[in-house]
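Peer 1: Mind having a look at this structure? Questions to follow.
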Amino acid sequence: MNGKLSDSAFKGNPAAVCLLEEERDEKWMQAVAAEFNISQTCYLTRIPNSTSPNTRFRLRWFTPVTEVKLCGHATLASAHTLFTTGLVNSNIIEFDTLSGILTATRVPDVSPTNISEVQNGGVSDCFLIELNFPSVPATDFNSAEASLVSKALNDAPFIDVKRTTPADDIFVVLPSGKSVIEMEPRFDDILKCPGRGLIVSGAAPPDSEFDFISRFFCPKYGIKEDPVCGSAHCALAPYWSQKLGKLDFVAHAASPRGGIVKIHFDEQNQRVLLRGKAVMVKLCGHVTLASAHTLFTTALNGGVNGCFLIELNFPTVPVTNFNSAEASLISKAWNGAPLIDVKRTTTDDDIFVIPQEH
């Protein structure tokens, strides 16, 4: 699952969603997360006989090295999985987490593109998911440690430094969104900084479609740069609300994968509403192999030892003829090398090229 505050595969922030029939111990969950080795692996367990009128699941999040208390994109991925697989029959899901009860609401996507899709019968993914998260307060940062932050930022100038509670991230504001994009962090120095991670943000230029730009670095938790950190926006929203005098934002996460976050800050209740989309990656060989290996070698199956191979049984992927009108684009991508054949896969929509041997 690519649960990511983005609307296309292989962008935004990936998350692995694991549906469990019963609770597993923390050691097992951490081992699986380490095997996936992406920013977040999350675990869902249905809570039966809940007194809430909404369907409720227990939800936990793990990086490759530790459990975390709050994660936006993996919650988005979890909700998308439950909504699109028919495991829930309502538009609201409640998650019981280390940060309390969080809700995910399915809301219509009324953008012009998706209105057209609905009219043409393509309604399955024409919705956004709105997450209701607690805001994250920020306090003044100890100025005696400012030199550590400066080194971590590769001596980039900054205009403000805060410290979030209870996540304990350092929140640095740069003079502009452009400087956030261009900043090249020193990861060894980030490791020496106090707290968990480093949020870097700056105001977007006046002619931009965005209100502010941000990046999040967390090498202590095995994540050099989080592609799109939803939970960081729980600190960003109240800060920029005060600075910009508004409650609704469109934010840009400026990592190489990138993503867009639509935000509403509920100032009265100190809640942050994050809206985004997720895309399910329908087939992945190496992650399936990693999952099987973890299950075979952990205590769940008695801890199988010794040398063995794992055989995966996958469906074939049909290919069709490629549109010859677009062949010039493929030729340029292949640096003008001669090609024998070009096809297009029907399920993943990949271009399949057979080059001519030299």
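Quick note: the sequence shown uses UniProt numbering, first residue 1, plus one each step. By construction, the Cβ of each residue, glycine as well, lies at the ideal position given by its N, Cα and C atoms.
Do the CB positions of Cys234 and Phe314 come within less than 8 Å of each other?
Peer 2: No, the pair does not count as a contact, with Cβ atoms beyond the cut-off.
Peer 1: Buried or exposed: which applies to Asn13, given that a residue is buried once 16 or more other Cβ atoms fall within 10 Å of its Cβ?
Peer 2: Asn13 should be labelled buried.
Peer 1: For Ala253, which of Asp211, Thr288, Ile159 has the nearest alpha-carbon?
Peer 2: Cα-wise, what sits closest to Ala253 is Asp211.
Peer 1: Can you have a look at Cys307 and say buried or exposed, based on whether 16 or more other CB atoms are within 10 angstroms of its CB?
Peer 2: Exposed, by the Cβ-count rule.
Peer 1: For Tyr43, which residues does DSSP report across the bridge?
Peer 2: BP columns for Tyr43 point to Cys18, Arg60.
Peer 1: Measuring only the C-alpha atoms, how far is Gly195 from Ile47?
Peer 2: For Gly195 and Ile47, the distance between alpha carbons rounds to 33 Å.
Peer 1: Please list the terminal residues of the continuous beta strand (DSSP E) segment that includes Ala203.
Peer 2: It spans 198–203 - the beta strand (DSSP E) in which Ala203 sits, taken as one unbroken run.
Peer 1: Quick check: what's the CA-CA separation for Ile213 versus Ile181?
Peer 2: Taking the straight line from one Cα to the other gives about 8 Å.
Peer 1: Counting only the same chain and skipping the five closest in sequence on each side, list residues whose C-beta sits under 7 Å from that of Asn114.
Peer 2: Reliability fails at Asn114, whose pLDDT of 46 lies under 50, so the model's placement of it is uncertain and the value that follows must be treated cautiously. Here the set comprises Cys126.
Peer 1: Counting beta carbon pairs with one atom in the segment 30–49 and one in the segment 183–203, are three or more of them shorter than 8 Å?
Peer 2: With a cut-off of 8 Å, the segment 30–49 and the segment 183–203 do not count as touching, because too few Cβ pairs lie within range.
Peer 1: Buried or exposed for Pro227, going by 16 or more other Cβ atoms inside 10 Å?
Peer 2: That one is buried.
Peer 1: On a Cα-Cα basis, can you pick out the residue from Ala79, Pro64, Val353, Lys343 that is closest to Asn335?
Peer 2: Checking every option, the nearest Cα to that of Asn335 belongs to Val353.
Peer 1: For Lys27, report the span of its alpha helix (DSSP H) as first-last.
Peer 2: First-last of the alpha helix (DSSP H) with Lys27: 26–36.
Peer 1: Going by CA-CA distance only, name the one from Leu102, Val65, Glu22, Arg60 that's closest to Arg271.
Peer 2: Checked all of Leu102, Val65, Glu22, Arg60; the closest Cα to Arg271 is Leu102.
Peer 1: Return the CA-CA distance between Gly100 and Val319, expressed in angstroms with no decimal places.
Peer 2: Distance between the alpha carbons of Gly100 and Val319 is about 47 Å.
Peer 1: Give the range of the alpha helix (DSSP H) segment to which Leu148 is assigned.
Peer 2: 146–152 is the span of the alpha helix (DSSP H), which, as asked, contains Leu148.
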